[in-house]
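Here's the structure we're looking at; comments come further down.
Number of protein chains: 2
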Amino acid sequence: MAAPSGEACGLLERSVRQRVPPLLTDLYQFTMAYAYWRAGRHREPAVFELFFRDNPFGGGFSLFAGQHDCLLFLRSFRFTEEDVEFLRSVLPCSTDPAFFQFLRGLDCSGVTLRSVPEGTVVFARVPLMEVEGPLAVVQLLETSLLCLVNYASNAARFRLAAGPGRKLLEMGLRRAQGPDGGLTASRYTHIGGFDLTSNVQAGFLFGIPVAGTMAHSYVTSFSSLEEVCPQTLVAANGDAGPVDVISLTKGWLSRVCELLGSEPAKIREGELAAFLSYGIAYPQNFLPVIDSYSVGCSGLLNFCAVALALSELGYRPVGVRLDSGDLCGQSVEVRRVFRLCSQHFSVPAFDSLIIVGTNNISEQSMAELNRKENEIDVVGVGTHLVTCTKQPSLGCVYKLTQPLCSAAETRAKVQSSLQTLSPRHKRLQEPDAYTVALSETLHNLVQELQKCSSDSNNFLLAN
Amino acid sequence: MAAPSGEACGLLERSVRQRVPPLLTDLYQFTMAYAYWRAGRHREPAVFELFFRDNPFGGGFSLFAGQHDCLLFLRSFRFTEEDVEFLRSVLPCSTDPAFFQFLRGLDCSGVTLRSVPEGTVVFARVPLMEVEGPLAVVQLLETSLLCLVNYASNAARFRLAAGPGRKLLEMGLRRAQGPDGGLTASRYTHIGGFDLTSNVQAGFLFGIPVAGTMAHSYVTSFSSLEEVCPQTLVAANGDAGPVDVISLTKGWLSRVCELLGSEPAKIREGELAAFLSYGIAYPQNFLPVIDSYSVGCSGLLNFCAVALALSELGYRPVGVRLDSGDLCGQSVEVRRVFRLCSQHFSVPAFDSLIIVGTNNISEQSMAELNRKENEIDVVGVGTHLVTCTKQPSLGCVYKLTQPLCSAAETRAKVQSSLQTLSPRHKRLQEPDAYTVALSETLHNLVQELQKCSSDSNNFLLAN
């Protein structure tokens with residue numbers, strides 16, 4: 000995975016500024032900020048907590064991500080003259096002009112953001128972020144922060160469902176909520192455990208490895224071998240002159256049909272032309288989609304013929320993509336044919352061909368795929384991943400905390416808190432102890448600290 | 000509704016350029032474009048059709064929108080040197096360097112976009128757009144066009160469910176798929192029939208009317224009347240000096256409690272302070288959220304007291320927002336109290352107060368709300384609107400059409416087409432006629448044309 004370039008990092012920061020101007024918020028943040036300002040309360044210290052109420056997808060956890068974008072947003076939070084003039088046009092005309100002067104000078108220099116570390120497992124009702132600063136300013140940040148705090152949870156669930164051995168490719172850009180929704184999805188699914196994305200701009204901005212070869216439209220755009228051009232290829236070692244790769248492939252196709260007992264009449268010439276054309280363009284990156292017509296009667300045979308021709312010329316074909324039907328069953332049959340070709344034609348490269356499966360994969364079908372016999376090495380996921388079909392929103396909230404709460408409120412809290420305790424712990428005489436266990440990490444940390452402390456005591460004694 | 004300014008239009012165009020660079024696409028578009036280029040097919044004329052396969056949300060139609068963004072995207076489609084260098088780093092190293100030279104010169108000047116008009120009702124399997132141009136170029140456009148063609152269908156369904164009389168407010172920014180997802184949602188829900196948005200940037204860029212007053216956090220940030228500042232207000236006509244609005248409101252609160260038989264002890268002083276503070280800041284735009292504590296025991300009484308005080312000073316309060324519980328039932332009770340106050344205190348302004356309802360509204364709860372007795376004038380919708388919970392993706396596809404298809408293919412099409420016809424229409428002798436009816440509009444058009452034609456014949460005869 001290539002790290003994003005310095006330019007890309009700069010672009011990312013500029014992109015956050017452009018994507019999240021301070022006007023990208025709900026109007027009521029401004030009317031409230033004005034009311035605070037009018038009452039002279041705008042500089043009062045305030046703390047808001049950002050949290051969600053229920054773990055998403057019916058699961059037991061969520062994942063926190065988005066801190067970096069939040070920091071960039073805070074850093075660039077400043078109103079332009081154009082912003083202020085627009086606000087003047089939409090706020091009630093009774094708004095004191097001095098408020099707009101106040102907005103002109105506003106930034107987040109007085110704001111402190113405390114947050115759980117990026118990428119940590121988080122739970123319902125536990126604050127993910129605490130935003131502390133002047134009341135009017137932290138109020139104005141609410142909507143943008145809620146919008147920026149994204150979650151890698153859905154991708155992480157797909158990762159868990161897929162098991163650790165399989166590579167996962169995100170390919171949901173076309174189904175995302177607008178262009179930036181697509182970028183957001185690519186970024187956070189990578190954070191959540193996906194290995195690859197089809198989104199080139201996500202590769203450019205975030206350094207995520209990109210992948211992809213061909214669509215069905217490429218295959219169906221060919222109808223005959225006459226369209227293949229050039230029709231020759233030089234061997235990988237460059238030794239001999241150009242080889243007539245069409246004749247070579249036709250020869251291999253006959254042998255493959257014979258080996259598998261297939262009918263040459265059912266083979267689609269356009270598909271063979273498409274594979275050959277792609278193989279000639281990218282002889283070291285040959286991975287076609289083989290189900291445009293029929294995997295068993297045409298696509299698999301055409302793949303094997305072109306891949307065997309490329310192998311004969313010293314190139315290493317990569318694999319195939321299955322995009323419809325019973326992915327598991329087909330992958331098993333495809334693998335069987337690869338092994339047969341490897342043995343029969345003595346082409347060991349056929350043992351390491353990869354099979355990519357893509358076909359409207361949901362969390363459920365991913366889990367099923369993991370239970371059934373199959374030979375799929377890479378799974379591509381689009382719609383269900385980027386739209387979070389199962390639960391498209393986490394429902395985070397941003398609540399003002401009240402550390403100055405009244406005696407009566409604290410009294411009520413004490414009572415309700417006591418009610419959570421079992422009577423056997425509340426007995427005034429000889430109560431049962433409430434067991435508080437240390438986690439393994441905390442236990443180890445305590446032991447280490449004790450050791451350090453004893454070492455340091457020894458050191459003091461020695462001196 | 001303010002039209003977007005010239006600057007905003009320019010911003011919108013720049014924003015599309017920045018949001019949809021030509022790299023915002025799937026990698027396989029580039030590998031395919033290269034293979035076409037390598038085979039000398041990149042300039043071949045091609046036509047792709049963009050359509051969807053099933054009407055969304057289990058309904059009978061969809062709505063088309065996004066044409067304008069598509070046009071801006073095509074107009075600005077051009078690779079920067081940085082884009083080309085990134086592509087060089089991710090495409091296989093065997094890629095011919097001349098391909099990158101080809102990309103440097105690429106634009107959409109040879110591309111024709113035909114589309115159904117923006118905002119039209121559309122149906123499954125009918126092309127929404129036809130993109131015609133050089134094969135490699137129209138291939139490269141696929142993912143971005145699919146991502147840009149958005150749909151106002153979900154908003155239109157909410158509009159239909161709400162009935163024509165009620166105003167609809169979109170307030171989903173915080174639940175959207177990233178910042179731009181929020182802007183996209185605000186724009187297309189407005190197109191789909193929503194009247195207002197809470198999203199200020201959407202107001203700035205697209206001229207959508209913005210609305211919003213206060214959140215619960217504003218209410219809970221106050222705890223006592225001492226926090227109200229300033230404590231005076233000058234009457235609307237400016238005649239008298241500053242009036243002690245706290246005493247005035249306290250007086251009204253007693254009278255309201257007496258009228259409704261309410262217990263003054265249950266009233267939250269902090270809520271009254273918040274309402275008063277807001278009312279002093281915006282005396283002509285007073286619309287608080289009244290369910291932070293209890294609508295019946297506190298919020299409604301506090302609202303009436305402040306609104307009556309404002310009315311006495313010649314201001315016109317706007318209304319209330321309900322954000323939890325049984326919106327319909329509460330709205331009926333709130334309206335009853337408004338009417339009672341109007342009559343009892345002779346304040347006719349109380350007859351035109353509006354009630355806003357916002358509480359996790361779905362298409363289903365909107366339809367229910369339309370069936371039950373209620374007094375809600377404006378409904379605010381967030382999560383279910385912007386995330387399209389019911390079906391978060393339409394699943395549009397972009398398919399290469401084949402007008403040069405073979406005789407065999409045409410023959411097969413003829414056969415399957417004939418199979419769709421009933422045998423009684425296929426009888427070779429005395430077949431039943433297949434009734435083709437004219438729509439009313441078409442019938443009128445034909446009559447008009449006949450009339451024109453007869454007029455023009457008359458004209459010819461006369462000459």
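Protein chains in written order, with numbering that gives the first Met the number 0: chain G, 0 to 462; chain L, 0 to 462.
Heads up, the beta-carbon is just placed ideally off N, CA and C, and yes, glycines get one too.
What does the Cβ neighbour count give for L:H424, buried or exposed, with the cut at 16 atoms within 10 Å?
On the second sequence, position 425 is the one that residue 424 of chain L refers to. L:H424 comes out exposed.
Closer than 8 Å, CB to CB, is L:P20 near chain G or not?
Residue mapping note: residue 20 of chain L aligns to position 21 of the second sequence, counting from 1. Chain G contact via Cβ: present.
G:V255 versus G:F344, G:R87, G:F99 and G:L167, residue with shortest Cα-Cα distance:
The residue given as residue 255 of chain G occupies position 256 in the first sequence. Minimum Cα distance to G:V255 is reached at G:F344.
Determine the direct distance from the alpha carbon of G:F60 to that of G:K389, and round the result to whole angstroms.
By 1-based counting over the first sequence, the position of residue 389 of chain G is 390. By 1-based counting over the first sequence, the position of residue 60 of chain G is 61. Straight-line measurement puts the Cα of G:F60 at about 15 Å from the Cα of G:K389.
Would a check of beta-carbon distances place L:I353 closer than 8 Å to chain G?
Here residue 353 of chain L refers to the residue found at position 354 when the second sequence is read from its first residue. So no, L:I353 is outside the interface.
Can you list, in chain order, the residues of its chain with a C-beta nearer than 7 Å to that of L:V244? Leave out the 5 residues immediately preceding and following it.
What you label residue 244 of chain L is simply residue 245 of the second sequence in a count that begins at 1. Counting only residues of its own chain and dropping the five nearest sequence neighbours on each side, L:V244 has a CB closer than 7 Å to the CB of Q230, T231, L232, L275, I279 and A308.
Between which two residues does the alpha helix (DSSP H) holding L:P463 run?
Nothing can be reported for residue 463 of chain L, as the shown portion of chain L is limited to 0 through 462.
Closer than 7 Å by beta-carbon distance: list the chain G residues that pair up with L:S465, in chain order.
Absent from the structure is residue 465 of chain L, since the part of chain L shown begins at 0 and ends at 462.
Report yes if the C-beta distance between L:C303 and L:S261 is below 8 Å; otherwise report no.
Taking the first residue of the second sequence as position 1, residue 303 of chain L is located at position 304. Taking the first residue of the second sequence as position 1, residue 261 of chain L is located at position 262. No.
Taking Cβ positions, are L:L105 and L:F78 nearer each other than 8 Å?
Walking along the second sequence from the start, residue 105 of chain L turns up at place 106. Walking along the second sequence from the start, residue 78 of chain L turns up at place 79. Their beta carbons are under 8 Å apart, which means L:L105 touches L:F78 by this criterion.
Over what stretch of residues does the beta strand (DSSP E) that includes G:C69 continue unbroken?
Taking the first residue of the first sequence as position 1, residue 69 of chain G is located at position 70. For G:C69, there is no enclosing beta strand (DSSP E); the enclosing alpha helix (DSSP H) has its first and last residue at Q66 to S75.
Is it the case that the Cβ atoms of L:S114 and L:L127 are separated by a distance below 8 Å?
As a working note, residue 114 of chain L is residue 115 in the second sequence. As a working note, residue 127 of chain L is residue 128 in the second sequence. Closer than 8 Å, so yes.
Roughly how many whole angstroms lie between the Cα atoms of L:F99 and L:L112?
Within the second sequence, the letter at position 100 stands for residue 99 of chain L. Within the second sequence, the letter at position 113 stands for residue 112 of chain L. Straight through space, the alpha carbons of L:L112 and L:F99 are spaced by roughly 25 Å.
Reference G:L321; option with closest CA among G:V377, G:P347 and G:F349:
Here residue 321 of chain G is taken as the residue at index 322 of the first sequence, counted from 1. Ranking the options by Cα distance to G:L321, first place goes to G:V377.
What runs of the beta strand (DSSP E), each 3 residues or longer, lie entirely inside the stretch 167 to 223 of chain G?
Counting only runs of 3 or more, we get nothing.
Simplified DSSP state of L:G379, which is helix, strand or coil:
For the purposes of this step, residue 379 of chain L is taken as the residue at position 380 of the second sequence. In this structure, L:G379 counts as strand in the three-state DSSP scheme.
Take every Cβ of the stretch 144 to 152 of chain G, pair it with every Cβ of the stretch 36 to 56 of chain G, and state whether three or more of those distances are shorter than 8 Å.
Taking 8 Å as the limit for Cβ pairs, the verdict is that the stretch 36 to 56 of chain G does touch the stretch 144 to 152 of chain G.
Cβ-based burial, G:S392 [other Cβ within 10 Å; buried from 16]
In the first sequence, residue 392 of chain G corresponds to position 393, counting from 1. Around the beta carbon of G:S392, a 10 Å sphere encloses 16 or more other beta carbons of the protein chains shown; the residue is thus reported as buried.
Beta carbon of L:G269, beta carbon of L:S216: below 8 Å?
Stepping through the second sequence from its first residue, residue 269 of chain L is reached at position 270. Stepping through the second sequence from its first residue, residue 216 of chain L is reached at position 217. Cβ distance not < 8 Å, so L:G269 and L:S216 don't count as in contact.
With a 10 Å radius around its C-beta and 16 neighbouring C-beta atoms as the bar for buried, classify G:V445 as buried or exposed.
Taking the first residue of the first sequence as 1, we reach residue 445 of chain G at position 446. G:V445 comes out exposed.
Beta-carbon neighbours of L:S93, restricted to chain G and to distances below 9 Å:
Along the second sequence, read from residue 1 onward, the residue named residue 93 of chain L stands at position 94. Residues of chain G passing the Cβ test: A280, Y281, P282, Q283 and N284.
Please report whether the beta-carbon of L:C168 lies at a distance below 8 Å from any beta-carbon of chain G.
Here the question's residue 168 of chain L lines up with position 169 in the second sequence. Checking the sequence shown, residue 168 of chain L turns out to be Leu, not Cys. L:L168 is outside the set of residues whose beta carbon lies under 8 Å from a beta carbon in chain G.
If distances are taken between C-alpha atoms only, which option among G:V333, G:L326 and G:I354 comes closest to G:S364?
Position 365 of the first sequence, counted from the start, is the residue given in the question as residue 364 of chain G. Of the candidates G:V333, G:L326 and G:I354, the one whose C-alpha sits nearest the C-alpha of G:S364 is G:L326.
Does DSSP put L:I353 in a helix, in a strand, or in coil?
The residue given as residue 353 of chain L occupies position 354 in the second sequence. L:I353: strand per DSSP, three-state reduction.
Measure the alpha-carbon distance for L:P402 versus L:L102 and round it to whole angstroms.
By one-based count along the second sequence, residue 402 of chain L stands at place 403. By one-based count along the second sequence, residue 102 of chain L stands at place 103. Reliability of the predicted coordinates at L:P402 is poor, the pLDDT of 49 falling under 50, and no value is obtained from them.
Any idea what DSSP makes of G:S93, helix, strand or coil?
What you label residue 93 of chain G is simply residue 94 of the first sequence in a count that begins at 1. Here G:S93 carries a coil assignment [DSSP, helix/strand/coil].
Following the continuous beta strand (DSSP E) through L:E372, name the residue where it begins and the one where it ends.
Locating residue 372 of chain L in the second sequence gives position 373, where the first residue counts as 1. Bounds of any beta strand (DSSP E) do not take in L:E372, whose DSSP letter is neither H nor E.
Excluding the 5 residues flanking G:E131 on each side, which residues of the same chain have their C-beta closer than 6 Å to its C-beta?
In the first sequence, counting from the first residue as 1, residue 131 of chain G sits at position 132. Within its own chain, the residues whose Cβ lies closer than 6 Å to the Cβ of G:E131, once the five positions on either side in sequence are excluded, are V46 and T111, listed in chain order.
On a CA-only basis, which of G:S323, G:I266 and G:T24 is nearest G:V288? Give me that one, please.
Here residue 288 of chain G refers to the residue found at position 289 when the first sequence is read from its first residue. The shortest C-alpha to C-alpha distance from G:V288 to any of G:S323, G:I266 and G:T24 is the one to G:S323.
Please confirm if L:A234 has its CB atom under 8 Å from at least one CB of chain G.
Working through the second sequence from its first residue, we reach residue 234 of chain L at position 235. By this cut-off, L:A234 is not an interface position.
Report buried or exposed for L:A432, applying the criterion of at least 16 other Cβ atoms within 10 angstroms of its Cβ.
Taking the first residue of the second sequence as position 1, residue 432 of chain L is located at position 433. Around the Cβ of L:A432, a 10 Å sphere holds fewer than 16 other Cβ atoms; the residue is exposed.
Using beta-carbon positions only, say whether G:T212 and L:Y27 come within less than 8 Å of one another.
Taking the first sequence and counting its residues from 1, the one referred to as residue 212 of chain G is at position 213. Taking the second sequence and counting its residues from 1, the one referred to as residue 27 of chain L is at position 28. A contact, by the Cβ cut-off of 8 Å.
Would you identify the three-state DSSP class for L:C404, choosing helix, strand or coil?
As a working mapping, residue 404 of chain L is identified with position 405 in the second sequence. Bear in mind that a pLDDT of 47 at L:C404, under 50, signals an unreliable position, so the number given afterwards is only what the model happens to contain. Here L:C404 sits in coil by DSSP.
State the Cα-Cα distance for the pair G:G379 and G:V89, rounded to the nearest angstrom.
Stepping through the first sequence from its first residue, residue 379 of chain G is reached at position 380. Stepping through the first sequence from its first residue, residue 89 of chain G is reached at position 90. Roughly 46 Å between the two C-alpha positions.
Alpha carbons only, please: which of L:L22, L:C340, L:V336 and L:K265 is nearest the one belonging to L:D82?
Taking the second sequence and counting its residues from 1, the one referred to as residue 82 of chain L is at position 83. Cα-wise, what sits closest to L:D82 is L:L22.
Can you round the beta-carbon distance between G:N153 and G:G181 to whole angstroms, since I take them to be within the 8 Å contact cut?
Sequence index remark: in the first sequence, residue 153 of chain G carries index 154 (1-based). Sequence index remark: in the first sequence, residue 181 of chain G carries index 182 (1-based). Contact doesn't hold; Cβ gap of about 15 Å is too wide.
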